[in-house]
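Trainee: Quick note: our numbering has the sequence shown finishing at residue 221, numbered continuously throughout.
Ideal Cβ positions, reconstructed from N, Cα and C, are used throughout, including at glycine.
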Amino acid sequence: MFTGAKGKILEFFFVEPEKRMHVKGLARAIGISAGSASRVCGELAAQGVLAREESANALFYSLNNSSALVKQWKRTWFLEKIELFKKNWENEEFQSVALYGSYASGEFVSKSDVDFLVVTNVGHNKVFNSFKPLSDSLRPEVNPHPVSVGKWLKMAEERDRFYVEVLANHVLLYGAPLVVE
């Protein structure tokens with residue numbers, strides 16, 4: 041998505057979205073020069089991506105999590121991160137697989153868990169095993185939520201709250217659209 045110093049800075053803040061860092065500390069943490077960190081942070085602050093705060097003659101930066109652009113970039117960054125694992129859920133036994141919740145909207149924080157809806161008629165163990173490689177590689181907790189095809193159809197018919205919430209905020213990763221007409 042992004043490369044060089046900009047990519048390192050953004051990835052640092054996407055992993056720790058609430059973190060507030062001094063330029064020198066940030067540069068040390070990600071292995072770039074303080075000059076590069078200062079220049080890129082200034083550019084990102086001018087775009088509204090980073091918030092800039094002066095405190096006791098020191099300059100601190102943090103991610104502007106309320107920015108629509110930041111939310112989109114965080115979401116895209118995470119989708120790229122999980123792309124390597126898609127073969128685990130691209131499975132004909134799964135009717136649909138969708139990311140939902142804060143990772144789908146780009147509003148996640150460091151303590152957010154990653155929620156997946158899996159519409160399928162296979163057992164819970166098979167679903168959880170399919171997501172184990174992803175779970176093992178990510179720091180946030182990965183929560184696959186298996187729902188049988190019949191139950192999903194019933195939830196759609198009843199306009200169940202969970203059904204409506206998932207439809208309002210999801211990214212379809214595999215299979216049939218989630219909307220039931």
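If contacts are defined as beta-carbon pairs under 8 angstroms, then residue 231 and residue 209 qualify, I think. What distance do you get, rounded to the angstrom?
Mentor: No answer is possible for residue 231: it lies beyond the span of the chain, which begins at 41 and ends at 221.
Trainee: Contact defined as beta carbons within less than 8 angstroms: I believe residue 184 pairs with residue 171. What is the distance between those atoms, to the nearest angstrom?
Mentor: As a first step, residue 184 is located in the sequence shown; it is residue number 144 there, counting from the start. As a first step, residue 171 is located in the sequence shown; it is residue number 131 there, counting from the start. Between residue 171 and residue 184 the Cβ distance is about 4 angstroms, and since that is below 8 angstroms, they are a contact.
Trainee: Examine the Cβ distances between the stretch 185–202 and the stretch 147–164 and report whether three or more of them are shorter than 8 angstroms.
Mentor: Yes, since at least three Cβ pairs between the stretch 185–202 and the stretch 147–164 fall closer than 8 angstroms, the two stretches touch.
Trainee: Do residue 88 and residue 107 have their C-beta atoms closer together than 7 angstroms?
Mentor: The residue labelled residue 88 in the question sits at position 48 within the sequence shown. The residue labelled residue 107 in the question sits at position 67 within the sequence shown. Closer than 7 angstroms, so yes.
Trainee: Under a three-way DSSP split, which group does residue 118 fall into?
Mentor: Mapped onto the sequence shown, residue 118 falls at position 78. In this structure, residue 118 counts as helix in the three-state DSSP scheme.
Trainee: If you run the structure through DSSP and keep just helix, strand and coil, what is residue 195?
Mentor: Your numbering for residue 195 matches position 155 in the sequence shown. Reduced to three states, the DSSP call for residue 195 is helix.
Trainee: I think residue 86 touches residue 62, with their Cβ atoms under 8 angstroms apart; what is that distance to the nearest whole Å?
Mentor: Here residue 86 corresponds to residue number 46 of the sequence shown, with the count starting at 1. Here residue 62 corresponds to residue number 22 of the sequence shown, with the count starting at 1. Actually they do not touch by this definition, with Cβ atoms about 19 angstroms apart.
Trainee: Please return the same chain residues whose Cβ sits closer than 8 angstroms to the Cβ of residue 133, not counting the five positions on each side in sequence.
Mentor: The sequence position of residue 133 within the sequence shown is 93, counting from 1. So the qualifying residues of the chain are 160, 161, 162 and 166.
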